[in-house]
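What follows is a single structure, written as C-alpha cells, with notes after it.
Residue numbers (our numbering): 726 to 871.
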C-alpha cells in the first residue's frame, strides 16, 4: 500500500515501499542507472571540448549524485578529496605519503564505521568512502613506485 502525502513521505520513500526495500537502496540504484544517461550526455555534448569543462562536468555530476544519496554527508568525501590533493601537492609520491594515506584514510574510515554502526546493513557515506580509501591508497602506492 503506497504511503499517502499526509505521511510526509517523499517519492523515494514511496518507491522503496513499492519495491520492498529501503529509501537509500532505491536512491543508490537510481544513481547507478543515472550513470548511463550522464555518460551519453557527456559523449554527445562535452566530449572533445576543453579539459576544464570535462573535469567540471564529472566533478559536478559526482558531487550531485553523492549529495542526492547521502545529503550533507558529502562533506566526508569532499574533505577527503581535499586531503588527497594536499598530500599529493606537498608530499608527492614519497614513502611518507603512502604511510600518511594508510593511517589517515583507514583511520577515518574505521572511525566512520564505528560512528555509523547499527545492527542492520545501512547504505551510508561509508560505502563510497571505502572505495575512495582503497583508490587513494592505490594511487599513493602507484605514485611511490613509479
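Beta carbons: idealized from backbone N, C-alpha and C, even for Gly.
Remember, it's a predicted structure, so these values are computed and weren't measured experimentally.
Annotation: residue 768 to residue 824 spans about 38 Å, alpha carbon to alpha carbon.
In the DSSP annotation of this structure, the continuous segment of the alpha helix (DSSP H) that includes residue 851 starts and ends at 851-870. Residue 819 holds the alpha-carbon nearest to the alpha-carbon of residue 870 among 830, 794 and 819. A Cβ-Cβ separation of about 4 Å places residue 858 in contact with residue 830 under the 8 Å criterion.
Excluding residues up to 5 positions away in sequence, 823 lie with their Cβ nearer than 8 Å to the Cβ of residue 866 in the same chain. The alpha carbon of residue 786 has as its nearest neighbour, out of 828, 803, 760 and 809, the alpha carbon of 760. Secondary structure at residue 842: coil, using DSSP grouped into helix, strand and coil. With a cut-off of 8 Å on Cβ pairs, the region 761-781 is not in contact with the region 736-746, counting fewer than three such pairs. In the structure shown, the three-state DSSP call for residue 746 is coil.
In the DSSP assignment, residue 775 falls outside any alpha helix (DSSP H) and carries neither an H nor an E.
Here the C-alpha atom of residue 753 lies approximately 25 Å from the C-alpha atom of residue 809.
For residue 804, the uninterrupted alpha helix (DSSP H) segment begins and ends at 799-816.
Comparing alpha carbon positions, the residue from 851, 781, 843 and 826 closest to residue 837 is 851.
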